[in-house]
Amino acid sequence: MNSFRLITTYSPWLILACLAVGLLYAWLLYSKRAPWPKSINYALAVLRFVVVSFISFLLLGPLVRYVSNTTQEPTIVFALDNSQSVKLFSDSVQLKQAEQGLQNIVSKLQDAGYKTEIRTLANEQQQSISELNYISETTNLSQLLSQVQEEYAEQNLAGVVLLSDGIVNQGMSPAYANYGYTLYPVALGDTIPKKDVLVASLRYNKVNYSGNRFPLEVELQQEGFAGRQANVILKENGKAIARKTVSMQAGQPVQQVPFQVLASGLGKRHYEVEVQPLQGEFTTLNNTKHAYIDVVKGKIKVLVAAAAPHPDIKAIRAAIESNENYETTLYIPGLMQLKPQDYDVAVLHQLPGRVAGGEAALNLVRQKNLPALYILGPQSDLNDYNRLNVGLNISSNGQQDEVTPIANANFTTFKLPEAAPERLQQYPPARVPFGDVRLNPNTEVVLYQQVGRVKTNKPMLAVQTSGDKRNATLLASGIWQWRIIENANNEQPEVYDKLITNLIQLLSAPRNKKRLNVYPMLTEYTSSEEVRFNAEAYNEALEPIYGQNITLSIKNDEGQTRNFNFANGENQAGVNIGTLDGGRYTYTATARINGQMQQDKGEFVVEELQLEALNSVADHTLLYQLASNTGSKLYYPAQLQQLEQDILKAEHKPKIYSSEELKDLVDLKWLFFLLLGFICVEWFIRKYNGSY
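Quick look at the structure:
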């Protein structure tokens, strides 16, 4: 029911004054003799009376109060667990009975005036329960029930019928959540353990170094096969490389089976662990698991050379070695020999120096064309440094200045932690050469110098990219104090270590000259995730360009190929190639840029989850607890008529929701046109009958 009410902001008695004003105005205008009949004169007087009275009334600021009422019927949501485990481990006759029974309940509730909705684990609407497909690779009942609670928070939600086997393998347990509705669980599956042997999980490092052996540990689980033996086979690219025979013990349902695997080659390596099926197994779907290892080159070797012992050296080495992918070798003239190794990057502390002795390290950097981080200090020979042309040109009379670092907000080649601006302000002053500092071409500033509270445009840390090699220069001595202070104030020197390791990573990485860069958004997907690719194209000046037609070819381990065509855009999200089966995939992308064919290659992994095949025992205890928590009870497929009666006996009532709206009467446009119509009619009649 809707209601309409007029409200005035002044005393209602003033309406009489408005009528009096209208009456007086009409009398003054139409009391004189007129050239038209009296009937027309009276009609015109009434029009004028109505218009003037209503306009006077509008001056009182009247409001319109409009109340609208809507009725919402009670809603029953059918939340369906459409995971693979329901189909795999439930009796097919029982499952069909449950589907048909729930579909009948839906029809009966609709006839009784209830509104019904059907939801699945992916929160998708389903038109019919009998058409349900059990394809979900994971079960997250907590997410499903929480989404129902949020979506129907403002609606008349009477209850939720949950069809499930109670097996949860993602998210928190729904038994610990509070739901504002009644849950009616319908139990599927079998609570009796089945005879089975399975690979429960694999434990391994996802990144390993080429030529090293790494551990791969198999967690073997069995039920009903105590005293039997199982053969566990490890395969690489489909070829068996190791096998072990495991004796399964009574009272020990889970056993660890370790393998030592040699990481050969580079790139993604595919390993498969299989436990050979035993006679009497309930299912063999869980007898196999896959592992995808990224085999990379050995550790990045960093030469740390110094003109003389200094506490800065220990702090820098500690920062570098905080990343397990880096290892350092120290060289100080007169104290240790320079080891002839294939270094990837060099850190030169106060080299070139004023005192002879560091020539061996400088010659090695020059001969091997190594990228280097130059750390300048009081013992540095600035003239020799300037002749190297590695980023900065410094003019100084030998004096030192004390400054603190401040980050350059425009430097985006790598990012420091979010806490960097605050923590850099806590660093004690470091000593830098006092004088003029000029940037050479292709040099970017990472840190500026700050004197007291004044930020200067002088660089403290700069990076130069020239050709295929990068160099960096740090104009600071005494930076060992930075690491100690940050560690003392924040428990760990995150910003200091990240700054140094980012520099090493930037210096050791080869410069990307590719004009076509196509890459997946992730290096690892699951078989339930959609695979997305991004693409970047560059002209000869390595400036980004858009609208290039790109052909993407995806190939799996079996040699099957799928092709996709798309164009890169400035604000486009690349291409979505959908979901893929588990396995290792390689891709090739080609595009013609300015008449030249460009190509990019890579690989990625899609991991088969297999979570739904791991547990065949239904958890009806969880469903019973859910029912008890909401004042309901647990139902089985043979008890669905009782479920229907219990819902109808609850006598859920429709809810009436009211909404109130206040609006100024003067804002109603139709009143304006009505008054304008009255005035126009009055004017036309007067003119037509000879107004004077």
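Note that the UniProt record's numbering has the sequence shown beginning at 1, numbered continuously upward. Heads up, the beta-carbon is just placed ideally off N, CA and C, and yes, glycines get one too.
DSSP state of tyrosine 688, grouped into three classes?
-> Reduced to three states, the DSSP call for tyrosine 688 is helix.
Is it true that the region 39-46 meets the region 76-94, where meeting means three or more beta-carbon pairs spaced less than 8 Å apart?
-> no
Determine the contact status of alanine 319 and tyrosine 496, defining contact as a CB-CB distance below 9 Å.
-> Contact flag set, yes.
Span of the alpha helix (DSSP H), counted from its first residue to its last, around valine 21 = 14-30
Between the Cα of proline 95 and the Cα atoms of Glu117, Tyr134, Arg65 and Pro62, which residue gives the shortest distance?
-> Note on residue identity: the sequence assigns leucine, not proline, to residue 95. Looking from the CA of leucine 95, the closest CA among Glu117, Tyr134, Arg65 and Pro62 belongs to Tyr134.
To the nearest angstrom, how far is it from the Cα of isoleucine 549 to the Cα of glutamate 603?
-> The question names isoleucine, but residue 549 in the sequence shown is asparagine. Their Cα atoms are separated by approximately 21 Å.
The region 145-158 contacting the region 185-194, beta-carbon criterion three pairs below 8 Å = As far as the Cβ criterion goes, the region 145-158 does not touch the region 185-194, which means the pair count is below three.
Who does phenylalanine 566 pair with in a DSSP beta bridge?
-> Ile550
Mind listing, in chain order, the continuous beta strand (DSSP E) runs of no fewer than 3 residues lying wholly within the region 511-545?
-> 516-520, 524-526 and 531-538
Buried or exposed: which applies to aspartate 342, given that a residue is buried once 16 or more other Cβ atoms fall within 10 Å of its Cβ?
-> Exposed, by the Cβ-count rule.
So leucine 220 packs on alanine 230, CB below 8 Å; how close in whole Å?
-> 7 Å
Are the beta-carbon atoms of leucine 373 and leucine 475 separated by less than 9 Å?
-> no
Cut-off 8 Å between Cβ atoms - residues of its own chain near threonine 329, not counting five sequence neighbours on either side = Lys301, Val302, Leu303, Val304, Lys339, Gln341 and Tyr343
DSSP-derived helix/strand/coil call for tyrosine 496 | helix
From the DSSP output, read off the bridge partner residues of glutamine 255.
-> Leu220
Indicate whether tryptophan 482 and proline 311 have their beta-carbon atoms separated by less than 9 Å.
-> no
Supposed contact pair threonine 9 and leucine 60 - C-beta distance, whole angstroms, cut 8 Å | With 8 Å as the limit, leucine 60 and threonine 9 qualify as a contact, their Cβ atoms being about 7 Å apart.
Does DSSP put leucine 266 in a helix, a strand or coil?
-> coil
Starting from residue 722, follow its DSSP beta bridges and name the residues at the other end.
-> Here the chain has residues from 1 to 692 only, and residue 722 is not among them.
Roughly how many angstroms separate the alpha carbons of asparagine 180 and glutamine 149, rounded to a whole number?
-> Per the sequence presented here, residue 180 reads as glycine, with asparagine not at that position. One C-alpha to the other measures close to 7 Å.
Might you give, ordered along the chain, the residues of its own chain that have their beta carbon closer than 8 Å to the beta carbon of phenylalanine 434, omitting 5 neighbours on each side?
-> Ser396, Asn397, Gln399, Gln400 and Asp401
Expressed to the nearest angstrom, what Euclidean distance is found between the alpha-carbon atoms of glutamine 598 and alanine 356?
-> 49 Å
Do you know how far the Cα of threonine 551 is from the Cα of alanine 591?
-> 6 Å
Within 10 angstroms of the Cβ of proline 193, are there 16 or more other Cβ atoms? Answer buried if so, exposed if not.
-> exposed
Shortest alpha-carbon distance to valine 403 belongs to which of Asn457, Phe673 and Pro493?
-> Asn457
For threonine 501, which three-state DSSP category applies?
-> Residue state for threonine 501 is assigned as helix, using DSSP reduced to three classes.
What separation, rounded to the nearest whole angstrom, lies between the Cα atoms of glutamine 103 and asparagine 576?
-> Distance between the alpha carbons of glutamine 103 and asparagine 576 is about 36 Å.
C-beta atoms of asparagine 169 and asparagine 615 nearer than 9 Å | yes
Would you report the Cα separation of glutamate 298 and serine 210, rounded to the nearest angstrom?
-> Note that residue 298 is glycine in the sequence shown, not glutamate. If you take the alpha carbons of glycine 298 and serine 210, they lie about 6 Å apart.
Any idea which residues DSSP pairs tyrosine 326 with across the strands?
-> DSSP lists Ile300 as partners of tyrosine 326.
To which residues does DSSP link threonine 586 through a beta bridge?
-> Lys555 and Glu603
Residue burial classification, glutamine 558 (beta-carbon count within 10 angstroms, cutoff 16) | Reading off the sequence, residue 558 comes out as glutamate, not glutamine. With fewer than 16 other Cβ atoms within 10 Å, it is exposed.
Residues in its own chain within less than 8 Å of lysine 663 by CB, not counting five upstream and five downstream?
-> For lysine 663, where only same-chain residues beyond five positions count, the Cβ hits under 8 Å are Leu63, Val64 and Tyr66.
State the DSSP-derived secondary structure class of asparagine 231, mapped to helix, strand or coil.
-> strand
At least 3 beta-carbon pairs within less than 8 Å: the region 370-387 vs the region 406-415 = no
Less than 9 Å separating the beta-carbons of leucine 198 and alanine 613?
-> yes
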